[in-house]
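In the working numbering, the protein residues as written are 5 to 254. Glycine included, each C-beta is placed from N, C-alpha and C at the ideal position.
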Amino acid sequence: MEAFAVEGLPEIRAGDDLATLIDEHVDFEAGDVLCLASTVVSKAEGRKADLADFPASSRAEAIAERLESVTGETKDPRFAQAVLAESEELVIEAPFLLAVTRFGHVTVNAGIDRSNVPGAELLLLPEDPTASAERLSEALGVPVVVTDTSGRPFRYGQRGVAIGWAGLPAARDWRGESDRDGRELDVTVQAVVDELAAAANLVAGEGGGGTPAVVIRGWEFGDHAGSDELFRADEDDLVRDALREWEFER
Ligand code: GDP
Ligand code: MN
Ligand code: MN
């Protein structure tokens, strides 16, 4: 398997036809998967915003005040408002904002970025990254995974995850297949889109590389059972449930 960046993409602006831009810079082969940093999908979809677009509600004021008091840092209530606007729910309100986005991804600050956003203060995630992936996949004729850099519990550091996908299942279901001893696997569902996203993110980098699009070549989903479940359903999520009860103290 190979993972390589598409070179030569320009700074993406609202209204740009991403599929055509990418198509001009790569010769796709059968079996390729395109991984695309959500940053450029957002830019193309006009998701840049400014703090002034989010006048703070009293709830946002209260959230920002609490964040300031626990972190000792200045917090803009309009940023809290932007996170609220992009979220279904805040699972944690201090010492940081852990949000469930409207499309089901749980991430800090609802994935709102403040880096790689020239000419604006904020970049919101695509409204519906799977719908974005579907449009791009349709136009390019290859499966598409929309990625974002995200932190994770239990471990330091961030890595790429899939936030939308089309043209391939989210996961390979190994249940019913066997290990080397012939023992049947009964729980393993491999979140392949996250693994592709992590590999792609390694190539894309986090800084000024200008390489948001990565082609995965020579990897096959194969003839296996698939699953499109990636974001845990609320009733299936014990950790989310526990965090709702949890209160930050210090
Ligand atoms: P995120 O992980 O989706 O939040 O995106 P990042 O900000 O980490 O950027 C991922 C990659 O895309 C990096 O190599 C950036 O330099 C690159 N990138 C971000 N915006 C643009 C853009 O508008 N044009 C190009 N060519 N590259 C970009
Ligand atoms: Mn991001
Ligand atoms: Mn990133």
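Note on geometry: alpha-carbon atoms of N120 and N113 lie some 16 Å from one another.
Along the length of the region 152 to 213, whole beta strand (DSSP E) runs at least 3 residues long occupy 163 to 170, 175 to 177, reported in chain order. In the displayed model, F8 falls within a strand according to three-state DSSP. Here the alpha carbon of P133 sits roughly 20 Å from the alpha carbon of D238.
Secondary structure note for T111: its beta strand (DSSP E) is the uninterrupted segment 110 to 112.
Placement of the Cβ of T215 at a distance of 7 Å or more from every heavy atom of ligand 2 is found. The Cβ atoms of P147 and S141 lie closer than 8 Å to each other.
F58 counts as buried, since at least 16 other C-beta atoms from the protein chains shown sit within 10 angstroms of its C-beta. Closest in alpha carbon position to A175, among P157, G186, D185, A195, is A195.
Closest in C-alpha terms to H228, from the list A208, G209, P173, comes P173. In the displayed model, V45 falls within a helix according to three-state DSSP. Taking C-beta atoms as the reference points, D80 and L55 count as a pair closer than 8 Å. Bridge partners of T105 according to DSSP: S91. V191 is positioned such that its CB atom lies closer than 8 Å to that of R179. Around the CB of S46, 16 or more other CB atoms lie within 10 Å, so the residue is classed as buried. In the DSSP assignment, R118 falls outside any alpha helix (DSSP H), carrying neither H nor E.
The Cβ neighbour count for R236, taken over all protein chains shown within 10 Å, is under 16; the residue is labelled exposed. Comparing C-alpha distances from E15 to each of A7, P122, E49, V95 shows the shortest one belongs to P122. For L40, DSSP records a beta bridge to V150, A217. If you draw a straight line from the Cα of I96 to the Cα of V37, it is about 35 Å long.
Annotated as distal: I67 and L129, with beta-carbon spacing of 8 Å or more. Secondary structure of L127 (DSSP, three-state): strand. Per the DSSP secondary-structure output, K52 pairs in a beta bridge with L127.
Assigned with DSSP and collapsed to three states, A68 falls in helix. Each residue's CA atom was taken as its position, placing L71 and C39 some 35 Å apart.
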